[in-house]
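A.B. asks: Numbering (my numbering), first residue to last: 764 to 951.
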Ligand code: FAD
């Protein structure tokens with residue numbers, strides 16, 4: 764089994780709906796499908812969406828990356844795909860992410876400013892700029908991880924504060940206390 768990584772840029776074909784908070788609905792649907800499918804084959808990476816452009820990074824087993832990319836290439840929600848990186852990978856560099864979503868955040872704005880770019884146009888990124896983008900995805904902070912599917916799962920799996928035994932003990936103690944109060948009251 765061999766690992767590989769892949770990055771591409773594309774242009775959205777849909778009319779982006781403005782949202783005050785959260786993720787553009789078309790992008791949210793793409794993320795849902797991506798996270799469901801990628802999680803099954805341990806495909807990891809990140810998706811940037813901004814200025815009607817996508818930048819996506821994927822890494823995983825070669826077969827899974829290529830199969831997924833074939834599906835992505837046929838998707839009518841974007842066009843003019845340009846493959847920016849397609850190469851073997853020695854070891855995984857992302858953990859726990861089926862598909863990280865990073866909106867055009869302050870980090871990306873700073874990246875664009877640093878490179879004198881006035882809009883997000885990943886198709887024109889140099890290989891060094893692509894690597895910087897991947898690094899930004901890798902390091903993106905908590906507030907940028909919108910609709911974080913993995914986080915939701917972690918919350919669901921979080922153990923209860925008290926075990927079943929502890930909860931039973933607490934109920935018994937509460938009942939004893941109520942009983943003792945009643946007994947004390949009847950003696951007055
Ligand atoms: P399905 O169950 O067939 O479809 C999933 C949902 O997507 C359904 O609600 C369906 O209505 C909707 N949908 C599919 N195609 C379209 C379309 N053309 N227009 C409107 N709605 C549509 N898929 C991945 O598995 N992993 C990825 O990392 C990934 N990244 C993507 C990045 C971008 C920028 C885009 C545009 C798409 C990406 N996709 C990704 C989606 C991919 O192109 C396929 O739609 C998806 O993989 C199909 O998987 P499925 O058969 O399980 O989905």
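From the three backbone atoms N, C-alpha and C, an ideal C-beta is built for every residue, glycine too.
What is the DSSP secondary structure of residue 803, reduced to helix, strand or coil?
C.D. replies: helix
A.B. asks: Quick check: residue 822 and residue 766, are their CB atoms within less than 8 Å of each other?
C.D. replies: yes
A.B. asks: Rank 818, 813 and 814 by C-alpha distance to the C-alpha of residue 886 and give the top, closest one.
C.D. replies: 818
A.B. asks: Rounded to the nearest angstrom, what separates residue 832 and residue 898 at their Cα positions?
C.D. replies: 21 Å
A.B. asks: Within this structure, are the beta carbons of residue 955 and residue 878 separated by less than 8 Å?
C.D. replies: The shown model of the chain, from 764 to 951, leaves out residue 955, and the question about it has no answer.
A.B. asks: Go through its chain and collect everything with a Cβ distance to residue 826's Cβ below 7 Å, but skip five positions before and after it.
C.D. replies: Taken in chain order, the list of residues that qualify is empty.
A.B. asks: For residue 770, is the classification buried or exposed, using 16 other Cβ atoms within 10 angstroms of its Cβ as the cut-off for buried?
C.D. replies: Within a 10 Å sphere around the beta-carbon of residue 770 sit 16 or more other beta-carbons, which makes this residue buried.
A.B. asks: Could you please give the first and the last residue of the uninterrupted beta strand (DSSP E) stretch that includes residue 774?
C.D. replies: 766-775
A.B. asks: As a quick exercise: from 835, 901 and 929, pick the residue whose alpha carbon is nearest that of residue 857.
C.D. replies: Nearest Cα to residue 857 within the set 835, 901 and 929: 901.
A.B. asks: Where do the ends of the beta strand (DSSP E) carrying residue 846 lie?
C.D. replies: 841-852
A.B. asks: DSSP state of residue 778, grouped into three classes?
C.D. replies: Three-state DSSP puts residue 778 in coil, outside helix and strand.
A.B. asks: Would you check whether the ligand FAD has a heavy atom nearer than 7 Å to the C-beta of residue 901?
C.D. replies: no
A.B. asks: Determine the direct distance from the alpha carbon of residue 888 to that of residue 894, and round the result to whole angstroms.
C.D. replies: 10 Å
A.B. asks: Throw me the rounded Cβ distance for the residue 828 and residue 806 pair, which I believe falls under 8 Å.
C.D. replies: Separation of the CB atoms of residue 828 and residue 806 is rounded to 7 Å, and the pair is thereby assigned contact status at 8 Å.
A.B. asks: Please classify residue 874: does DSSP put it in a helix, a strand, or coil?
C.D. replies: helix
A.B. asks: Is the distance from the Cβ of residue 779 to the Cβ of residue 816 below 8 Å?
C.D. replies: no
A.B. asks: Between residue 837 and residue 874, what straight-line distance do the alpha-carbon atoms span, to the nearest angstrom?
C.D. replies: Taking the straight line joining both Cα atoms gives about 30 Å.
A.B. asks: Below 8 Å on the Cβ atoms is my guess for residue 852 versus residue 768; work out the distance and round it to an integer in Å.
C.D. replies: 5 Å
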